[in-house]
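Residue numbers (the numbering used here): 25 to 283.
All remarks here apply to the structure that follows.
Put into C-alpha cells, the structure is as follows:
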C-alpha cells in the first residue's frame, strides 16, 4: 500500500497588488523547504480563520496606507489577531508592519516635515536586534515609504532610524514588524523606481543612482542576515532558543562585512 508523501509546510504570504512579489523572502522560505500560500485579500482572496495548517505568515507592503478606510484594509488589520492569538510566527514588512502597529492600537502617520525614505538609509540596531540570529542586524537597509509608526506598548525596539524612529520591533515571542524591505531584489528596485518615479522627487528620497550603488554595497550583508533571521523566525516557533547577544562592535561568527 503506497504511503502518501507529506506536503511541504506552508507559509501564508499576503500581497497587496497583482504585480507584487515576495522577492528574496519568498525564495529563502522555499529554499528552507516551505511552500508559499499566496493570497491577496485586496482582490477578495479569503484569509484563513486559523493558521493551524501554516508555519507562519508574512504580510508585505504596498502603495496604500494602513490608515485608509477600505473594508479590506480594516479586515486585514483585524485578522492579524489570528496569528497573535495562536502564537504563530508573524512578519510584517512596511505596510504589514504598519498594520501590526495599528492592530496593537498605535498610530501610523507621515513625517511632520513631509520627508520620506526611498532608497538605502542607515539604521541603528539595538542589542536585541543583533541578538535575533547568528548574523548581526544590517545597518544599511532599503526603504520605500512615506509613513511610519510609533513603537507599540510592550514591544521591543530592534532598530531605530533618524527621520522615522521605529524601524524594527518585536512583539511577544514571534511577531515582528520591519519598516524596511529585506525582500527587495535588484529587479524589484528597478521596477519600483520606474513605476513610481515621482517618489524619487519627494523630500529625503535618494536619487536612483544611489539606489543602485546601495544595492552593490549593502545587499550581500542584507541577504545573509535575511536567511539567518528567517530560519530562526519560522523554525523557532516550537523550540525555545537562546538569544545570540553580541557586545558592541563584536561580529557574529558568520557575519558579513558591510563595505
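Even for Gly, the Cβ is constructed at its ideal location relative to N, Cα and C.
For residue i, count the other beta carbons within 10 Å of its own beta carbon; 16 or more makes it buried, fewer makes it exposed. Which is it?
i	result
residue 262	Low confidence applies here, because residue 262 scores a pLDDT of 43, under 50, leaving its location unreliable and the question unanswered by this model.
residue 210	exposed
residue 240	exposed
residue 227	exposed
residue 127	buried
residue 160	buried
residue 146	exposed
residue 220	exposed
residue 27	Residue placement at residue 27 cannot be trusted, given a pLDDT of 38 that sits under 50; the coordinates are not used to answer.
residue 242	buried
residue 137	exposed
residue 218	exposed
residue 76	exposed
residue 78	buried
residue 112	buried
residue 235	buried
Tell me whether residue i sits in a helix, a strand or coil according to DSSP, three-state version.
i	result
residue 242	helix
residue 184	strand
residue 76	coil
residue 68	coil
residue 114	strand
residue 248	helix
residue 47	helix
residue 36	strand
residue 41	coil
residue 164	strand
residue 133	strand
residue 89	coil
residue 275	Residue placement at residue 275 is poorly supported in this model, since its pLDDT is 36, which falls under 50; the coordinates still yield a value, given next. Three-state DSSP puts residue 275 in coil, outside helix and strand.
residue 177	coil
residue 55	helix
residue 169	strand
residue 95	helix
residue 13	Missing from the structure shown is residue 13; the chain here goes from 25 to 283 and no further.
residue 230	coil
What are the boundary residues of the beta strand (DSSP E) that includes residue i?
i	result
residue 146	141-146
residue 194	190-195
residue 201	199-202
residue 207	Segment: none, residue 207 is in no beta strand (DSSP E) and carries neither H nor E.
On the DSSP letters alone, give me the boundaries of the alpha helix (DSSP H) that residue i sits inside.
i	result
residue 121	119-127
residue 219	210-219
residue 105	105-110
residue 152	151-154
So the candidates are the options; which of them puts its Cα closest to the Cα of residue i?
i	options	result
residue 34	47, 43, 45, 54	54
residue 153	114, 56, 202	202
residue 64	96, 205, 257, 235	96
residue 173	254, 212, 185	185
residue 204	103, 49, 197, 198	49
residue 183	156, 198, 74	156
residue 187	43, 133, 32, 216	133
residue 193	58, 124, 62	124
State whether the region 128-144 contacts the region 161-171, with contact taken as three or more CB pairs (one from each stretch) at a distance under 8 Å.
yes
Would you say the region 65-74 touches the region 36-46, given that touching needs at least three Cβ pairs under 8 Å?
yes
Segment contact, 8 Å Cβ cut-off, at least three pairs: the region 70-84 with the region 115-125:
yes
Segment contact flag, the region 211-231 with the region 173-180, C-beta cutoff 8 Å, min 3 pairs:
no
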